[in-house]
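Visitor: Numbering (the working numbering), first residue to last: 1075 to 2266.
Even for Gly, the Cβ is constructed at its ideal location relative to N, Cα and C.
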Amino acid sequence: MNKPIHNSGIGQQVENSEIHGGIQATQGNKNVQVHGEGNILTFNQTEILQISEKQITSRVLIISSPYKGLKTFESRDKELFFGRDNFITTLVDELEHTNLILLFGPSGSGKSSVVRAGLIPWLERKYRTGFINLTFTPDADPFDSFYTSLRTNKYQQAEVNLAREVKEETLIQVVNNLKKSSEFWLIFIDQFEELFTISDEHKRREFINGLMKLSQAKLPGVKIMATMRADFLERLSDFPQLVEATQKHRPMIVKMQSNELRLAIEQPAAHHGMIFETGLVDKIITEVQGQAGCLPLLQYTLKLLWEEEVRTGSINDRVLNTSTYEDLGGVTGALQQHVDSIYDNLSPSEKLAGQRIFLKLVGIGESAESGIEWKPVRRRALLSEFRDDERDVLLKLVNENLLVSDADLSKTDSKKELFRSSKSVKSNSTIEITHEILLTCWDKLDNWIQNNRQGIALRNRLYEDVKRWQNKKPEDELWTGSKLEQILELRKDDNFYQVLGGFNDEANRFINASVGLRDRQLKRARMFALIGSTLAGLASVATVYALIQQQEAQEQSIMGIIQSSESRLLANSQLYAMKEAIKAKKQSDSLWIKDQNTRTQVDLALLNTVHSLAVPNTLGGHANWVNAVSFSPNGKMLASASSDNTVKLWNSETGKEIRTLTGHIKVVQGVSFSPNGKMLVSVSSDRTIKLWDAYTGKLIKTLTGHTDSVNGISFSPDGKTIASASGDNTVKLWNTNTGELIKILAKHTNFVLRISFSPDGKTIASASGDNTIKLWDADTGKEIKTLRGHQNVVRAVSFSANGKTLASASDDKTVKLWNTDTGEPIKTLAGQKSEVYGISFSPDGKMLASASRDSTVKLWNTDSGELIKTLIGHGSTVYGVSFSPDGKTIASASADNTVKFWNTDTGKEVKTLAGHKNYVNAASFSPDGKMLASASGDQTVKLWDAETGKLIKTLTGHENYVNAASFSPNGKMLASASGDKTVKLWDTDSGKVIRTLIGHGNTVHGVSFSPDGKILASASGDKTIKLWNTDSGRVIKTLREHTSEVIGVSFNPDGKILASASRDGTVKLWHTYSGELIQTLAEHGDTVNGVSFSPDGKMLVSASADKTVKLWDTSSGKLIKTLIGHTNFVYKVSFSRDGKMLASVGADNTVKLWKWDVDYLLKEGCDFMREYFKTYPPEDESEKKMCDGVGM
1075 MNKPIHNSGI GQQVENSEIH GGIQATQGNK NVQVHGEGNI LTFNQTEILQ
1125 ISEKQITSRV LIISSPYKGL KTFESRDKEL FFGRDNFITT LVDELEHTNL
1175 ILLFGPSGSG KSSVVRAGLI PWLERKYRTG FINLTFTPDA DPFDSFYTSL
1225 RTNKYQQAEV NLAREVKEET LIQVVNNLKK SSEFWLIFID QFEELFTISD
1275 EHKRREFING LMKLSQAKLP GVKIMATMRA DFLERLSDFP QLVEATQKHR
1325 PMIVKMQSNE LRLAIEQPAA HHGMIFETGL VDKIITEVQG QAGCLPLLQY
1375 TLKLLWEEEV RTGSINDRVL NTSTYEDLGG VTGALQQHVD SIYDNLSPSE
1425 KLAGQRIFLK LVGIGESAES GIEWKPVRRR ALLSEFRDDE RDVLLKLVNE
1475 NLLVSDADLS KTDSKKELFR SSKSVKSNST IEITHEILLT CWDKLDNWIQ
1525 NNRQGIALRN RLYEDVKRWQ NKKPEDELWT GSKLEQILEL RKDDNFYQVL
1575 GGFNDEANRF INASVGLRDR QLKRARMFAL IGSTLAGLAS VATVYALIQQ
1625 QEAQEQSIMG IIQSSESRLL ANSQLYAMKE AIKAKKQSDS LWIKDQNTRT
1675 QVDLALLNTV HSLAVPNTLG GHANWVNAVS FSPNGKMLAS ASSDNTVKLW
1725 NSETGKEIRT LTGHIKVVQG VSFSPNGKML VSVSSDRTIK LWDAYTGKLI
1775 KTLTGHTDSV NGISFSPDGK TIASASGDNT VKLWNTNTGE LIKILAKHTN
1825 FVLRISFSPD GKTIASASGD NTIKLWDADT GKEIKTLRGH QNVVRAVSFS
1875 ANGKTLASAS DDKTVKLWNT DTGEPIKTLA GQKSEVYGIS FSPDGKMLAS
1925 ASRDSTVKLW NTDSGELIKT LIGHGSTVYG VSFSPDGKTI ASASADNTVK
1975 FWNTDTGKEV KTLAGHKNYV NAASFSPDGK MLASASGDQT VKLWDAETGK
2025 LIKTLTGHEN YVNAASFSPN GKMLASASGD KTVKLWDTDS GKVIRTLIGH
2075 GNTVHGVSFS PDGKILASAS GDKTIKLWNT DSGRVIKTLR EHTSEVIGVS
2125 FNPDGKILAS ASRDGTVKLW HTYSGELIQT LAEHGDTVNG VSFSPDGKML
2175 VSASADKTVK LWDTSSGKLI KTLIGHTNFV YKVSFSRDGK MLASVGADNT
2225 VKLWKWDVDY LLKEGCDFMR EYFKTYPPED ESEKKMCDGV GM
């Protein structure tokens, strides 16, 4: 066997001896030379003690591994650091001749280790207590990094605060103030290249200039050492003084020779009492010698070898075995196999998060050795760049030593606490891949990198430019042309969000600023072209520019008038506000070029002022408590769900009761017709769902399985599946035909309130009291995503028409928008104060009806946004509203035990359907109008034949009240949300639970299907939104940024963005696919109760308990307008199908319709002004003429 040589340390006297293997040590007075097979190494002040095999194995066995794996050697590891004595001598000699050294070498060559565990211990032994070790790796602020190194040397904060000052004099001032004459300072800057990759540009320049000043001062006992990757050498060209000063003092670390490698392999084992099997060391040396980056691979393999011998008990034999080494795959295979096993033990969602994490930590560089222009390198990232749902995986990878963080663990109870939330780490805490060797020696990561080269390269180039732009934000640093178009395409790419994790916040701000610049330039270009072509060459370029400047001045003037109108309105000077709005409109009509943004602002000013002067019609007549209503698809029947434990079917033309469906023994929370109208489903607090024949009223099936109230119900678009949401924390999917429970979706940790199928029926969304929304695969029942972000109960979820966006509403006063593909939050709309329980658009989209806690129903003109009528008559909370298919009648359900029919033209009450004895939470028609589903506090969902009023099925299974039910776009599935913390998916044909979606930790308030039906979003009291795959029932993502209950969710028309509303007062927008939070809209002053996208997806509207409705630009997240008019909480808002009208429902007993038709708004405003001038003629003659030609 090979006989190890043990380094005894400086100053020990040993005898000359010779051992087996041909290595001989001879002692000199100062240096020791070791001769072996033609090699001579000189060890500066190092002496070698030769120990026999027997002496080594007779030592006390130290079980812990003496090998570092992928970690860097530190000063404390000096007793285990071997094989670099010759190079340490070189470094010591360099320090004798200069005070500034740049140590170069490729990644994996051991630069950091040779300084930390070789040179620094040498200096410690020489200078003892007088040695001050100031080691640091620069981050975004290198001055702060220097400050931290001073603090670790026990200097008091007051003494070293100066070190944080960003100026080139700082370093020399610190040394002069603190250094004692008896001290020797080594300022060691490890990974000097980070100054060029992570540090702020201004701070980098000041710091490097400061290093030069310190070096040039030649202060005694002060040395500067830095390590740097060789491929960054060209980056020094911007600092010619540094290049010149280090020209002769840039040692390049050399590859270890075979005898050095032997020392590095054998001696650590000998130190712990172990030897190697004969021939194994030679085998290892042969495998690694000459291989790039071999040292970390060597250390990692030896560490695994040691740990495997410990695991099997072979360590007690005192020999490291060849067979164990080969089983591990040798040096080339050990790392690969081990990292693969770590990755393979992750769950599917964790694997996706792990891939995202690794690729966020990959940068690009150039290989100085190979000449390759593109090569992967480690990138140090801020911990704050990682989402909360990636934290658990981050922790696992850190614990497995694949990642390393500089976060201070001494100030936290555990790593878990540190990594648990982005709020628990310092803003400058960073994380990186432990060693660059992983990028090339782990095939899986190498493949990921190669498959995403373009995205990584573009992202990193962007981040470099963002850093330069951040401080002063100059326009000339922004991206234009093809670079901007490339990055915009990448930002739209769902795969980019899923695999690379999207862009960080700073990059998104940079991109948005670049888009703004582009749009301004395009606008000027269009104006130039239009004016130039109009003048047909008659004007000079100077004249055209003058006209452009005139246009821009007019636009600024109009915006000033609009601001004046808004100020007048806030001061309750409605008349003057109206005058200013009309004036702005007139001026905008005179513009050469009609700018869309200016036009929108003018329209909104008219909308606000006209609304403030309108006197709505008020109609009364309602008396008591019905929870939900739903029209049959053909409009001939209405189903109502009540707290009297019954569902009633009514002839919608005559108002006569057709039949009463009895069977529930507790509150009926909701009803919904199947898409073909043949069945009706009802849900109840009695924990059942009932399916009824809508024509005969016969109970077809009672679905049981929920253990708490069934709160919500939804048919799938094809009607074959029913989904139910329950207080038992689950969502259940039922086969409508057989009533068989298909699946239980049980990931919620609190009651599920609402459930909704996506339009294509493939995804179910559930809203829960656990503050989350879950998206489930409707086929498999698997959780696709859990959408986390809400901080309180999620009350409702709703898919956009194309299923790509989900919106959630929560008790945390916010609405969140989520991307259903990624589960990422797009935006948060914040600041509202109260609830609207139900809203419904007329079939033609021209009107919106809203039901409110204030006992009223309001009708709104969706074109103008104007309140048309307030329908007064209910004697208690109105829970739901529904238009008949022909749009001529509105049905409202109330806690006064009645259903009222209203004529949409006159606003008059047509009839009242009375007879319920308890509350029904929600009612929903199937897409074809033939079935009505009702969700009830009796824990069931009932399916009703919308024409006959017959109960088709009762869907039971929820264990608490059912808050909401929603049909999938094809009507085949129904999703129900419940207080039992679950969402249930039901087969609308069989009435059977397809699956129960479990995952929320509190009530699920609402659910919403994506437009394609593949994703369901659920909003919960557990402060989260969950995105569920409707096929599998799996949670895709949990969106967790809200700080209170999530009340509702809504998808945008293409389904890519989800909006959520929460009690935390915000609306959040999420990228559906990645689950990334795009934006938080935080202008509301109280709970946000509801959100709704405009049909074109360009605007989002939010309703709040702060008595306001807010309009937002979805692309920028900017607040467009605040609509003021409600005198109490605003519960719900919704756009009409044509987007021309907005309806809002408030606790002030009103529903307001806001019309967007600018001609209508102008006519209304001018009509008012004419009437006013009849009584109070204006002194200014121009005011009389301001409305000439308008509406005449």
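Between the C-alpha atoms of ARG1336 and PRO1314, what's the straight-line distance to the nearest angstrom?
Guide: What you label residue 1336 is simply residue 262 of the sequence shown in a count that begins at 1. What you label residue 1314 is simply residue 240 of the sequence shown in a count that begins at 1. Answer to the nearest angstrom: the Cα atoms are 41 Å apart.
Visitor: Using only alpha-carbon positions, find the residue among TRP1380, ASN1235, LEU1827 that is nearest to GLY1843.
Guide: The residue given as residue 1843 occupies position 769 in the sequence shown. For GLY1843, the nearest C-alpha among the options comes from LEU1827.
Visitor: Consult DSSP for TYR1141 and reduce its assignment to one of helix, strand or coil.
Guide: The residue labelled residue 1141 in the question sits at position 67 within the sequence shown. In this structure, TYR1141 counts as coil in the three-state DSSP scheme.
Visitor: Please confirm whether SER1149 and ILE1194 have their CB atoms less than 9 Å apart.
Guide: Position 75 of the sequence shown, counting from 1, holds the residue named residue 1149. Position 120 of the sequence shown, counting from 1, holds the residue named residue 1194. Closer than 9 Å, so yes.
Visitor: Tell me the DSSP secondary structure of GLN1086 in three-state form.
Guide: Here residue 1086 refers to the residue found at position 12 when the sequence shown is read from its first residue. Only weak support exists for where GLN1086 lies, its pLDDT of 32 falling under 50; the value from the coordinates is given anyway. Correct three-state label for GLN1086: coil.
Visitor: Here's the rule: buried if 16 or more other CB atoms are within 10 angstroms of the residue's CB, otherwise exposed. What is ILE1774?
Guide: What you label residue 1774 is simply residue 700 of the sequence shown in a count that begins at 1. With 16 or more Cβ atoms within 10 Å of its Cβ, ILE1774 is classed as buried.
Visitor: Rounded to whole angstroms, how far is the Cβ of ILE1739 from the Cβ of MET1711, which I believe are closer than 8 Å?
Guide: In the sequence shown, residue 1739 corresponds to position 665, counting from 1. In the sequence shown, residue 1711 corresponds to position 637, counting from 1. Contact doesn't hold; Cβ gap of about 24 Å is too wide.
Visitor: Is it right to say MET2173 is buried, meaning 16 or more other beta carbons lie within 10 angstroms of its own, or is it exposed?
Guide: On the sequence shown, residue 2173 is found 1099 positions in, with the first residue counted as 1. Counting Cβ neighbours within 10 Å, MET2173 comes out buried, since at least 16 surround it.
Visitor: What separation, rounded to the nearest whole angstrom, lies between the Cα atoms of PHE1147 and PHE1178?
Guide: Counting from one through the sequence shown, the residue named residue 1147 turns up at place 73. Counting from one through the sequence shown, the residue named residue 1178 turns up at place 104. C-alpha separation (whole angstroms): 17 Å.
Visitor: Going along the chain, which residues of its own chain have a beta-carbon closer than 6 Å to the beta-carbon of SER2092, five neighbours each way excluded?
Guide: As a working note, residue 2092 is residue 1018 in the sequence shown. Excluding positions up to five away in sequence, the list reads ALA1839, SER1840, ALA1841, SER1842, ILE1847, LYS1848, VAL1871, VAL2057, VAL2078, VAL2081, LYS2100.
Visitor: Given that a residue counts as buried once 16 or more other Cβ atoms are within 10 Å of its Cβ, and exposed if not, what is ASP2170?
Guide: Against the sequence shown, residue 2170 aligns to sequence position 1096. By the 10 Å Cβ count, ASP2170 comes out exposed.
Visitor: Hey, which unbroken runs of the beta strand (DSSP E) at 3 residues or more fall wholly within the stretch 1293–1342?
Guide: Listed in chain order, the complete beta strand (DSSP E) runs (minimum 3 residues) inside the stretch 1293–1342 are 1296–1303.
Visitor: Just verifying my parser: in three-state terms, what is the DSSP assignment at THR1120?
Guide: Along the sequence shown, read from residue 1 onward, the residue named residue 1120 stands at position 46. Residue placement at THR1120 is poorly supported in this model, since its pLDDT is 41, which falls under 50; the coordinates still yield a value, given next. Coil.
Visitor: Less than 9 Å separating the beta-carbons of VAL2207 and GLY2164?
Guide: Position 1133 of the sequence shown, counted from the first residue, corresponds to residue 2207. Position 1090 of the sequence shown, counted from the first residue, corresponds to residue 2164. Yes, Cβ-Cβ distance for VAL2207 and GLY2164 is below 9 Å.
Visitor: Between the stretch 1505–1512 and the stretch 1534–1544, do three or more beta carbon pairs fall short of 8 Å?
Guide: The stretch 1505–1512, when compared against the stretch 1534–1544, does not touch it at the 8 Å Cβ threshold.
Visitor: Look up ARG1453 in the DSSP assignment and say whether it is helix, strand or coil.
Guide: Looking up residue 1453 in the sequence shown gives position 379. DSSP places ARG1453 in coil when its eight states are reduced to three.
Visitor: Give the single residue among GLN1321, GLY1204, HIS1345 whose Cα lies nearest to the Cα of THR1131.
Guide: In the sequence shown, counting from the first residue as 1, residue 1131 sits at position 57. For THR1131, the nearest C-alpha among the options comes from HIS1345.
Visitor: Ends of the beta strand (DSSP E) at LEU1753?
Guide: Reading the sequence shown from its first residue, position 679 is the one you call residue 1753. Rather than Leu, the amino acid found at residue 1753 in this sequence is Met. Element bounds for MET1753: 1753–1758.
Visitor: Is DSSP giving GLY1634 helix, strand or coil here?
Guide: Looking up residue 1634 in the sequence shown gives position 560. The answer is helix: DSSP assigns GLY1634 an H, G or I state.
Visitor: Look up LEU2101 in the DSSP assignment and give the residues it is bridged to.
Guide: Indexing the sequence shown from 1 puts residue 2101 at position 1027. DSSP output for LEU2101 lists LYS2111 as bridge partner(s).
Visitor: Do you know whose CA, among LYS1425, ASP1895, LEU2025, ASN1893, lies nearest TRP1724's CA?
Guide: Taking the first residue of the sequence shown as 1, we reach residue 1724 at position 650. The option with the nearest alpha carbon to TRP1724 is LEU2025.
Visitor: I'd like to know if the stretch 1282–1298 and the stretch 1553–1569 are in contact, where contact means that at least 3 CB-CB pairs between them fall below 8 Å.
Guide: Verdict: no, contact absent.
Visitor: If the criterion is Cβ atoms closer than 9 Å, does the pair LEU2059 and SER1832 meet it?
Guide: Against the sequence shown, residue 2059 aligns to sequence position 985. Against the sequence shown, residue 1832 aligns to sequence position 758. It is not a contact, given that the beta carbons lie outside the stated cut-off.
Visitor: Should ASN1419 go down as buried or exposed, given a rule of 16 or more other Cβ atoms within 10 Å for buried?
Guide: Sequence index remark: in the sequence shown, residue 1419 carries index 345 (1-based). So ASN1419 ends up on the exposed side.
Visitor: Tell me the rounded alpha-carbon separation between LYS2130 and ASN1893.
Guide: Taking the sequence shown and counting its residues from 1, one reaches residue 2130 at position 1056. Taking the sequence shown and counting its residues from 1, one reaches residue 1893 at position 819. Near 4 Å, if we compare the C-alpha coordinates of ASN1893 and LYS2130.
Visitor: Would you kindly work out how many angstroms separate the C-alpha atoms of VAL1721 and SER1704, rounded to a whole number?
Guide: Residue numbering aside, residue 1721 sits at position 647 when the sequence shown is read from its first letter. Residue numbering aside, residue 1704 sits at position 630 when the sequence shown is read from its first letter. If you take the alpha carbons of VAL1721 and SER1704, they lie about 11 Å apart.
Visitor: Just verifying my parser: in three-state terms, what is the DSSP assignment at PHE2167?
Guide: By 1-based counting over the sequence shown, the position of residue 2167 is 1093. In the structure shown, PHE2167 sits in a strand (DSSP, three-state: E or B).
Visitor: Using CA atoms only, rank isn't needed, just tell me which of ARG1583, ILE1438, VAL1573 is closest to THR1514.
Guide: Start at 1 with the first residue of the sequence shown, and residue 1514 comes out as number 440. Measuring from the Cα of THR1514, the nearest candidate turns out to be ILE1438.
Visitor: Rounded to whole angstroms, what's the CA-CA distance from SER2084 to PHE2125? Just pull it up for me.
Guide: Position 1010 of the sequence shown holds residue 2084. Position 1051 of the sequence shown holds residue 2125. Distance between the alpha carbons of SER2084 and PHE2125 is about 6 Å.
Visitor: What did DSSP end up calling GLN1101 once you bin it into helix, strand or coil?
Guide: The residue you call residue 1101 lines up with position 27 of the sequence shown. Below a pLDDT of 50, predicted positions are generally treated as unreliable, and GLN1101, at 29, falls in that range; the measurement from the model is reported next regardless. Three-state DSSP puts GLN1101 in coil, outside helix and strand.
Visitor: Using a 10 Å radius around the Cβ and a threshold of 16 neighbouring Cβ atoms, would you call LEU1135 buried or exposed?
Guide: As a first step, residue 1135 must be located in the sequence shown, where it is residue number 61. With fewer than 16 other Cβ atoms within 10 Å, it is exposed.
Visitor: Report yes or no: do three or more beta-carbon pairs, one from the stretch 1204–1217 and one from the stretch 1263–1272, lie closer than 8 Å?
Guide: Yes, the stretch 1204–1217 is in contact with the stretch 1263–1272.
Visitor: Would DSSP call GLN1743 helix, strand or coil?
Guide: Taking the sequence shown and counting its residues from 1, the one referred to as residue 1743 is at position 669. Here GLN1743 sits in strand by DSSP.
Visitor: Cα separation between LEU1354 and LYS1287?
Guide: Your numbering for residue 1354 matches position 280 in the sequence shown. Your numbering for residue 1287 matches position 213 in the sequence shown. Answer to the nearest angstrom: the Cα atoms are 52 Å apart.
Visitor: Please report the residue range of the beta strand (DSSP E) in which TYR2035 lies.
Guide: By one-based count along the sequence shown, residue 2035 stands at place 961. Counting along the chain, the beta strand (DSSP E) containing TYR2035 begins and ends at 2033–2041.
Visitor: Three or more beta-carbon pairs under 8 Å between the stretch 2058–2073 and the stretch 1803–1819, yes or no?
Guide: Touching, yes.
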